[in-house]
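> Residues in the sequence shown are numbered from 37 upward in steps of one, following this note's numbering. Even glycine gets a Cβ: it sits at the ideal position worked out from N, Cα and C. This one's a predicted model, so the numbers in the text were calculated from it and none came from an experiment. Pasting a structure here, questions to come.
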Amino acid sequence: MATILLFDSGMGGLSVYREVYKALPGHRYLYLFDNACFPYGELSERRLVSRVLELFDAFVNCHRVDIVVIACNTASTYVLPALRQRLQIPVVGVVPAIKPAAEYSRAHGWGRVGLLATPGTVSRQYTAELVRNFAADLDVSLLGTTELVKMAEDKLSGQDVDHQLLERVLAPWLGSEQPDTVVLGCTHFPLLADELGFWLPQTKLVDSGAAIARRVGSLLPQVGPDKTALGAQVFCTEWTTKARLQEGAFVGEGFDELRCFIP
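As structure tokens, then:
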């Protein structure tokens, strides 16, 4: 049995956890979300890197971890090199699923692909290179938003989704310019799949969850799963009223009660 740690600034990593757990049951799961510094998209690169390194230095000294999944596109963009250099265990990041989306669009659509992500991911040179390498022949439009990150967090806190705000965010794609395929380039966004599907009913939504699960499986230590594996544990970095409301979503996914980890 391996111990798999999923990390995000918030609850978006739950969309990744679902895919990894579905593919790799019988292992021990830990989930750490840094709600004290949420959302990461509003931090400077320097602050983000130092914060994540600080957290991991402390966390892996307290908990045995065999593999880490950075279930956050923003953190993956900035922190992976430094974290891989610091840790002696495999670290898996998240990459916008532009390649599979482009392949799907060519086979089933009209050649119009959209990338829905945070402004930081949309503006990164790495994202431009993915588009150039895998979708240069297609009509690709980029839409950056932080509103949907907070909307997903609120949804898992038990609040209603603001459909009027969602409509305003998606306005550039509604009507005749609707993409046939949309990349969900933030791990929070699959948590809003039903709401996105309401406004984009003819659009295929693509995320990286299944690909991440395959990558984790290929990197797991050579130990078999354990049917008696310990329950999954979830940690926040700040006790807040919202975190306590969000605890229910984690319990619903099979996690034990929420704990607080302060480095």
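Do I134 and L184 come within 8 Å of each other at the CB atom, strictly closer than that value?
Their beta carbons are not under 8 Å apart, which means L184 does not touch I134 by this criterion.
> Enumerate in chain order the residues of its own chain whose CB-to-CB distance from I125 is below 7 Å, with the five nearest sequence positions on each side excluded.
Cβ neighbours of I125 beyond the five flanking positions: V101, D102, I103, V104.
> Whole angstroms are fine: how far does the CA of L255 sit from the CA of R204?
Distance between the alpha carbons of R204 and L255: 41 Å.
> Identify, in the order they occur along the chain, each residue of the same chain with its Cβ nearer than 6 Å to the Cβ of S177, setting aside the five sequence neighbours on each side.
The residues are G150.
> For the stretch 97-136, list the beta strand (DSSP E) runs that are entirely contained and at least 3 residues long, ordered along the chain.
DSSP runs (the beta strand (DSSP E)) wholly in the stretch 97-136: 103-106.
> Compare the C-alpha of M187 against each of Y114, T154, D173, V219 and name the closest.
It is T154.
> Taking the C-alpha atoms as reference points, what is the distance between F69 and V270?
Whole-angstrom Cα-Cα distance: 8 Å.
> By how many angstroms is the C-alpha of C98 removed from the C-alpha of R295?
Distance between the alpha carbons of R295 and C98: 14 Å.
> Pick from E289, S51, G290: whose alpha carbon is nearest that of V130?
It is S51 whose Cα lies nearest to the Cα of V130.
> Might you give, ordered along the chain, the residues of its own chain that have their beta carbon closer than 6 Å to the beta carbon of E55, omitting 5 neighbours on each side?
Taken in chain order, the residues that qualify are G245, A246, A249.
> For the stretch 205-212 against the stretch 224-244, do three or more pairs of beta-carbon atoms, one drawn from each stretch, fall closer than 8 Å, so that the two count as touching?
Yes: the two stretches touch, three or more of their Cβ pairs being nearer than 8 Å.
> Assign G138 to one of two classes, buried (16 or more other C-beta atoms within 10 Å of its C-beta) or exposed (fewer than that).
In the sequence under discussion, the amino acid at residue 138 is Ala, which differs from the Gly named in the question. Classification for A138: buried.
> Per DSSP, what are the beta-bridge partners of G150 in this structure?
BP columns for G150 point to S177, V218.
> Label I40 either buried or exposed according to how many other C-beta atoms from any shown protein chain fall within 10 Å of its C-beta, with 16 as the threshold for buried.
Counting Cβ neighbours within 10 Å, I40 comes out buried, since at least 16 surround it.
> Secondary structure at T277, three-state DSSP: helix, strand or coil?
DSSP places T277 in helix when its eight states are reduced to three.
> Note down the Cα distance separating F225 from M37, rounded to an integer number of angstroms.
Those two C-alpha atoms are separated by around 30 Å.
> I need the boundaries of the beta strand (DSSP E) containing Q238, first residue and last residue.
It is not in any beta strand (DSSP E) - Q238 carries neither H nor E in the DSSP assignment.
> Can you tell me the Cα-Cα spacing of N109 and R280, whole angstroms?
Approximately 25 Å between the Cα atoms of the pair.
> Pull the bridge partners of D44 from the DSSP assignment, please.
D44 is bridged to F69.
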